[in-house]
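Below: one structure, written as structure tokens.
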Amino acid sequence: MFGLGVLKGMMVTLRNFLGSYFSKERLTTVQFPEERIPEKERFRNFPFLVYDKTPEDPRCVSCDICAKECPPKCITIVRDSDSAGKPLKRPKSFDIDFSICMNCGICEEVCPFDAIFMDHEFELAQYGRFEDLNYHKEKLLKSNDYFKKIRPTDAARIDQKRAAKAPKA
Amino acid sequence: MEHTLSEPTPTLDTQMLEVNLGPQHPSTHGVFRMNVTLDGETIVKLKPVMGYLHRNHEKLAENMTWLASMPFTDRLDYICSMTNNFAYALAVEKLAGLEVPERAQYIRVIVAELTRLVNHTLLIGFLLNDLGAFFTPILYAFREREKILDLFETISGSRMMCNFFRFGGVKQDVTEDFIPRAKDIIQRYPKFLDEFEQLLTTNEILMARCQNVGILSKELAVASGISGPMLRATGVPYDIRKVDHYSIYDRFAFRVPIGAMGDVYDRYFVRILEMRESIKILEQAVREIPEGDFLSAKGAAGAKAPRTFKPPKGDVYGRIEAPKGELGFYLVSDGSPKPYRYHVRPPSFINLTVLEDMTLGHKVADAVAILGSIDIVLGEVDR
Amino acid sequence: MKSPEDIYHDLEAKFPGAGITREGNAIVVPKEKWAETAVFLKENPEYALDYLSCVTGVDYKEYLECVYHLYSLQKKTGLVTIKVRTDRQKSELPSVTPIWRSAEFQEREAYDLVGIHFQGHPDLRRILMWDGFQHHPLRKDYVQENQDRPPGEF
Chain B
35 MFGLGVLKGM MVTLRNFLGS YFSKERLTTV QFPEERIPEK ERFRNFPFLV
85 YDKTPEDPRC VSCDICAKEC PPKCITIVRD SDSAGKPLKR PKSFDIDFSI
135 CMNCGICEEV CPFDAIFMDH EFELAQYGRF EDLNYHKEKL LKSNDYFKKI
185 RPTDAARIDQ KRAAKAPKA
Chain F
11 MEHTLSEPTP TLDTQMLEVN LGPQHPSTHG VFRMNVTLDG ETIVKLKPVM
61 GYLHRNHEKL AENMTWLASM PFTDRLDYIC SMTNNFAYAL AVEKLAGLEV
111 PERAQYIRVI VAELTRLVNH TLLIGFLLND LGAFFTPILY AFREREKILD
161 LFETISGSRM MCNFFRFGGV KQDVTEDFIP RAKDIIQRYP KFLDEFEQLL
211 TTNEILMARC QNVGILSKEL AVASGISGPM LRATGVPYDI RKVDHYSIYD
261 RFAFRVPIGA MGDVYDRYFV RILEMRESIK ILEQAVREIP EGDFLSAKGA
311 AGAKAPRTFK PPKGDVYGRI EAPKGELGFY LVSDGSPKPY RYHVRPPSFI
361 NLTVLEDMTL GHKVADAVAI LGSIDIVLGE VDR
Chain U
56 MKSPEDIYHD LEAKFPGAGI TREGNAIVVP KEKWAETAVF LKENPEYALD
106 YLSCVTGVDY KEYLECVYHL YSLQKKTGLV TIKVRTDRQK SELPSVTPIW
156 RSAEFQEREA YDLVGIHFQG HPDLRRILMW DGFQHHPLRK DYVQENQDRP
206 PGEF
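Residue numbers (our numbering), protein chains in the order written: chain B, 35 to 203; chain F, 11 to 393; chain U, 56 to 209.
Here it is in structure tokens:
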């Protein structure tokens, strides 16, 4: 019969439509922002810096490796120096331009001091395109407890590695 | 004022109309323009114009280390980022002579075949959208695709721009729930394909619009360098997985479906059959995956300190069977940590060579269907 | 599948004294002989290289080079790499589009980005850059304006 193919197709559509009232398989809409999908641990959005005890002593020693390896070159670091002019192992300013960053995660991979990791926050909309999206050191620093909360297995592995390397701490 | 019978009555004056299909057009799969010359509604000449998404990928790579180009290869064919990574990693491993451990090979094959499922499902959805079935097949396709993309997010951190492959393996090991979830998806996929086929394959409207439209002959396809499902739909059994034996594809038993006529309907049907073959490969791979390393030692050193990764001097051409066709990378190294020349051989770009030949004589609506069946993505065409 | 050594000897025998040389895995053909060699490689039943996979233009500092990668679909045999060289100022090469149609868009791209003129190409014009763009971006001596803009400044 001519038109049988179209009718069979309409049975599929009808089955999907009626099935969406009963099974979760067929109705997959999540009513964001009231409902949210659970976060995956390895989800990488923008980077953040880790500090151990206080925001005044971050793990970063301003070696500049992440700035050199970053593919779109969005990291700018200026090393701190004390009153005599001798350079210190600390960044004076650490800027990441979030409008350039492409969330590749290479900065996290190459850091030798476990100082920079990828965060999970994605609701970061701003009004100013250039000023507001250029994140400075204060906004980027987050504590190790926050790191443990969002990425437990990675944080546990890093803590173990650091404890094994520095037993005199 | 008399007309004799031998004189013809005067007719209307007609003119050919030159129209731009694109660059902003919902059916052109991106910013792609076609200059079409029309006689009434029939196409007389067609010139494709591209370059609206040219991001100068090849020159950027000359200023970055070998590893830093990996996130940019994700953005070439932005729907199938894992296979782009695969092609680049394969080419560099050939150049530098790196070995890949067993577990990493299996992970690569599983991820590449899942990407093939994603691509073909999405393409059929978009083809139907172009034909006018506004959004029902696409949403069914997207529902299945979301499950696979969630899986990619669990292992690599990102749904589409995965950046998962490294030279000598993969970036991280897969999580423990990866194999059970992959098995679940693979087990449910044939049922989804059966339902999709019941909706589409015998549909009279689809058959009337797609059969005998955009026929491509075997000789023209081979001469024009066509590859992928478009070549197989014309009847040439050429699949790079079977010819080049790259990675571990010769351990899996699968067939290569070919078409008979080379029209739009054949290209659609070859993709459905290819999805079923991919499911067979996936079933074998998730059963046989061994324990072991996910990245070789040299690869890990190269990933931790990209400035020290220096392949020897020389050039290489590495290619894989990407879902859209033959994706190849031609790399020239001069012994430094940055490439000297980096060239991508994109399948969509070269498959567009025969667009004019296939659309001559058809109507404008058919041109949209034919473009949809070639399966282009502008990130690859323009790089 | 013949090794590059054998292919080189065959070509040497067919076109003696033409200056065909071998470099690594590739065969370097002088541009005057390239059109004839291409027809020979395609029509000869022993090779039957009917599938042109990739055409790349490369800029080495003293010369420009065009690299061709050929496959045979009939015999399912693999890669034959041919390199053809020309100099920078007057860069002209014979086009292989009449022989393998897949070169049509790829040669246009090599012309657009590296600046190699192909004689005999049916429609040689820019493909990725817009018409009227000056210079060729992928050459090593191409300098764009605002090259050293510091980050954060627009």
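Glycine is no exception: its CB is placed at the ideal position from the N, C-alpha and C atoms.
When C-beta distances to chain U are compared with 9 Å, every residue of the segment 267-286 of chain F stays at or above that value.
For residue 47 of chain F, the uninterrupted beta strand (DSSP E) run begins and ends at 43-49, by DSSP. When secondary structure is reduced to three states using DSSP, residue 157 of chain F falls in the helix class. If you look at residue 177 of chain B, you'll find it in the beta strand (DSSP E) that goes 175-177. Within the segment 106-141 of chain F, the alpha helix (DSSP H) runs of at least 4 residues that lie entirely inside it are, in chain order, 112-141. Less than 9 Å divides the Cβ of residue 131 of chain F from the Cβ of residue 285 of chain F. The C-beta of residue 51 of chain B has fewer than 16 other C-beta atoms within 10 Å across all chains shown, which makes the residue exposed. Contact check for residue 118 of chain F against residue 257 of chain F passes: the beta carbons are separated by less than 9 Å. Note that the C-beta distance between residue 175 of chain F and residue 92 of chain F is below 9 Å. Under the three-pair Cβ rule at 8 Å, the segment 44-58 of chain F counts as touching the segment 364-376 of chain F. Beta-bridge partners of residue 127 of chain U (DSSP): U/132. DSSP assignment within the segment 307-372 of chain F yields the following whole alpha helix (DSSP H) runs of 4 residues or more, N-terminal first: 307-314, 357-361, 365-369. For the segment 40-61 of chain F, the residues whose beta carbon sits under 7 Å from a beta carbon of chain U are, in order, 60, 61.
Interface annotation, residue 186 of chain B: not in contact with chain F, CB-CB separation never under 9 Å. Rounded to whole angstroms, the Cβ separation of residue 363 of chain F and residue 157 of chain U is 6 Å, and the two are in contact under 8 Å.
In chain B, no part has a C-beta under 8 Å from the C-beta of residue 221 of chain F; the shortest such distance is about 13 Å.
Only residues of its own chain outside the window of five on either side were considered, and among them 113 have a CB closer than 7 Å to the CB of residue 301 of chain F, listed in chain order. Taking a Cβ-Cβ cut-off of 9 Å, the neighbours of residue 214 of chain F in chain B comprise 36, 37, 38, 39, 40, given in sequence order. With fewer than 16 neighbouring CB atoms inside 10 Å of its own CB, residue 121 of chain B falls in the exposed class.
The CB of residue 294 of chain F never comes closer than 8 Å to any CB in chain B; the least such distance is about 26 Å. Among the residues facing chain F, residue 181 of chain U is included, as its CB has a counterpart in that chain under 9 Å away. Nearest Cα to residue 158 of chain B within the set B/53, B/180, B/80, B/90: B/80. Remark: C-beta atoms of residue 89 of chain F and residue 129 of chain F approach each other more closely than 9 Å. Close to chain U, meaning a Cβ-Cβ distance shorter than 7 Å, are the following residues of the segment 227-247 of chain F: 232, 233, 234, 235, 246.
Excluding residues up to 5 positions away in sequence, 112, 119, 121, 141, 146, 148, 165 lie with their Cβ nearer than 7 Å to the Cβ of residue 171 of chain U in the same chain.
At a cut-off of 9 Å, the C-beta of residue 166 of chain U has no neighbouring C-beta in chain F. When secondary structure is reduced to three states using DSSP, residue 168 of chain B falls in the strand class.
Going by beta carbons, residue 305 of chain F and residue 224 of chain F fall outside the 9 Å limit. Look at residue 362 of chain F: its C-beta is under 9 Å from a C-beta on chain U. Counting only the Cα atoms, residue 161 of chain F lies some 10 Å from residue 185 of chain F. Residue 71 of chain B counts as exposed, since fewer than 16 other C-beta atoms from the protein chains shown sit within 10 angstroms of its C-beta.
Contact note: residue 324 of chain F reaches chain U through 79, using a C-beta cutoff of 8 Å and chain order.
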